[in-house]
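So the structure is just underneath, and the comments pick up after that.
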Amino acid sequence: MPTHTQFVDSFNALFAGLSTRQQEVIKSRFGLNPKQNPETLAAIGDRYSITRERVRQIEAAALKVLQEQIRANAYFQKVLDSGKKFLKTNAGIARQQDLLSYEEGVGHTLSANHLALLLASTRAFYAYDEDDEFTSLYYLEPAHFNAARDFINTWKQELHAQKESVLQGGYRATFVSFVKKLSLNKAQAERYLSLAKCIGVNPYGDQGLREWPEINPSTIRDRIYLILKKEGKPLHFQSIADNINKAGFSNRTALAPTVHNELIKDSRFVLVGRGIYALTENGFAPGTAREVINRILKNNGPLSPKEVILAVQKERFIKPNTILVNLQNKLFFQKLEDGRYHIRES
Numbered sequence: 212m213p214t215h216t217q218f219v220d221s222f223n224a225l226f227a228g229l230s231t232r233q234q235e236v237i238k239s240r241f242g243l244n245p246k247q248n249p250e251t252l253a254a255i256g257d258r259y260s261i262t263r264e265r266v267r268q269i270e271a272a273a274l275k276v277l278q279e280q281i282r283a284n285a286y287f288q289k290v291l292d293s294g295k296k297f298l299k300t301n302a303g304i305a306r307q308q309d310l311l312s313y314e315e316g317v318g319h320t321l322s323a324n325h326l327a328l329l330l331a332s333t334r335a336f337y338a339y340d341e342d343d344e345f346t347s348l349y350y351l352e353p354a355h356f357n358a359a360r361d362f363i364n365t366w367k368q369e370l371h372a373q374k375e376s377v378l379q380g381g382y383r384a385t386f387v388s389f390v391k392k393l394s395l396n397k398a399q400a401e402r403y404l405s406l407a408k409c410i411g412v413n414p415y416g417d418q419g420l421r422e423w424p425e426i427n428p429s430t431i432r433d434r435i436y437l438i439l440k441k442e443g444k445p446l447h448f449q450s451i452a453d454n455i456n457k458a459g460f461s462n463r464t465a466l467a468p469t470v471h472n473e474l475i476k477d478s479r480f481v482l483v484g485r486g487i488y489a490l491t492e493n494g495f496a497p498g499t500a501r502e503v504i505n506r507i508l509k510n511n512g513p514l515s516p517k518e519v520i521l522a523v524q525k526e527r528f529i530k531p532n533t534i535l536v537n538l539q540n541k542l543f544f545q546k547l548e549d550g551r552y553h554i555r556e557s
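First residue of the sequence shown? That's 212 in my numbering, and the numbers climb one at a time after it.
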């Protein structure tokens, strides 16, 4: 089994047929020098005071020479063949780290940069560099990449359609049902998803699309929302700040005054007591005690004082005496002969 040093020595031997400038350009372009990342055509051109186009021409000529040497080299053909074999057993596509680990397991201790040069020279299979949507990966043919991308996009659409149940712990069940509906192998579907960056998990273990604020709350307001939703009850703004910090959304500490300011600004949150806030989606509505009483009577008709108190306290932390005082405001409410109250007609 070749050591990494032996592999690098074999790799460096490929450059024997290149000019000094070609060697410099290739090593810079593919990051083959120690502690160096791949460089752009422009960066190399600036260093040598030549145009980007001239660098591209030097690179193309060098790759043509290397192509012949790599194809004639039995060892490098084994490296490429083992890579293709691994991809074939994984639906034609795999994460970079998985393929490189496989190569290492069969005795080919090459880096991603070395393999990038082999592929640029031979097109034995294809490399896809990491971006906002996918991790770094390899694929046999464009059709394999397209199949993975189409599955991921379709799965994202399904998640949007099933968002409510997914966020209630139904991610896995939704996935199994979805894969079955497509008559797709579950292991293959999971491999496809391992390539994508669209799926995330929040501190509560809920799984879903990373773009959802319930999964990846990037702002204080979104974190407040998630805390209140998961707690399922009204909380004081200090407790909300403490829960945000406990959840570990980021390294930045959430300060209670900052949390309070955000609670005031967002219509999703309603003040239900002194410093205590709840979610409007849970049936809590904004307004003064009088406005809450007015809405309750408007929706339910005449109610007894006790019934009004119970209805108000379901959504607001207001003392019974405060509610009774507001009911006795004859400008807005009228007491009926049977002791119930209703809205005074204007």
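All residues carry an ideal CB built from backbone N, CA and C; glycine is no exception.
Residue closest to residue i, alpha-carbon to alpha-carbon, out of the options
i       : options                            : result
Ile-363 : Phe-241, Ile-410, Asn-324, Ala-398 : Ile-410
Lys-408 : Ala-285, Leu-298, Leu-277, Ala-359 : Ala-359
Arg-267 : Leu-291, Leu-298, Arg-232, Glu-279 : Arg-232
Phe-389 : Gln-379, Glu-401, Leu-378          : Glu-401
Leu-439 : Arg-463, Gly-228, Leu-482, Leu-535 : Leu-482
Leu-404 : Arg-282, Asp-361, His-553          : Asp-361
Asn-472 : Phe-222, Gly-486, Phe-460, Ala-354 : Gly-486
Gln-399 : Ile-304, Asp-309, Ala-331, Asn-357 : Ile-304
Glu-375 : Leu-406, Asp-417, Leu-446          : Asp-417
Asn-357 : Phe-386, Lys-397, Glu-270, Ala-302 : Ala-302
Ala-283 : Lys-296, Gly-256, Ala-224          : Ala-224
Val-276 : Lys-246, Ala-331, Thr-430          : Ala-331
Alpha-carbon to alpha-carbon, residue j and residue i
i       : j       : result
Arg-265 : Arg-240 : 13 Å
Asp-220 : Gln-307 : 23 Å
Leu-490 : Lys-509 : 22 Å
Ala-500 : Lys-476 : 20 Å
Tyr-382 : His-371 : 11 Å
Val-519 : Gln-373 : 38 Å
Leu-311 : Gln-280 : 22 Å
Gly-484 : Glu-369 : 39 Å
Pro-531 : Phe-495 : 18 Å
Thr-464 : Leu-321 : 42 Å
Pro-353 : Trp-366 : 20 Å
Arg-258 : Ala-327 : 23 Å
Lys-392 : Pro-445 : 40 Å
Ala-254 : Ile-426 : 39 Å
Leu-538 : Ser-478 : 27 Å
Own chain partners of residue i with C-beta closer than 7 Å, once the 5 adjacent residues on each side are dropped
i       : result
Pro-249 : Arg-240, Phe-241, Gly-242, Asn-324
Leu-291 : Leu-329, Thr-333, Ala-335
Arg-551 : Pro-513, Leu-514, Ser-515
Phe-287 : Ile-281, Leu-329
Same chain only: Cβ atoms within 6 Å of residue i, ignoring 5 sequence neighbours per side
i       : result
Phe-226 : Gln-234
Pro-424 : Asp-433
CB of residue i within 8 Å of CB of residue j, strictly
i       : j       : result
Lys-299 : Leu-351 : yes
Ser-347 : His-319 : no
Ala-273 : Val-236 : yes
Leu-378 : Gly-443 : no
Arg-527 : Phe-544 : no
Pro-414 : Gly-459 : yes
Ala-452 : Leu-474 : no
Phe-345 : Tyr-337 : no
8 Å Cβ shell around residue i - same chain, five flanking residues per side excluded
i       : result
Asp-343 : Lys-408
Val-523 : Ala-500, Val-503, Ile-504, Ile-507, Ile-529, Ile-534
Lys-541 : Arg-555
Query raised in the report: Unbroken beta strand (DSSP E) runs of length 3 or more, entirely within the segment 297-344: which are they?
Result: 304-306, 337-339
Query - Secondary structure, alpha helix (DSSP H): runs of 4+ residues fully inside the segment 451-512 - result: 467-476, 500-511
Report task. Identify every run of the beta strand (DSSP E) within the segment 348-375, keeping only runs that are complete inside it and at least 3 residues long; order them along the chain. Result -> 348-350
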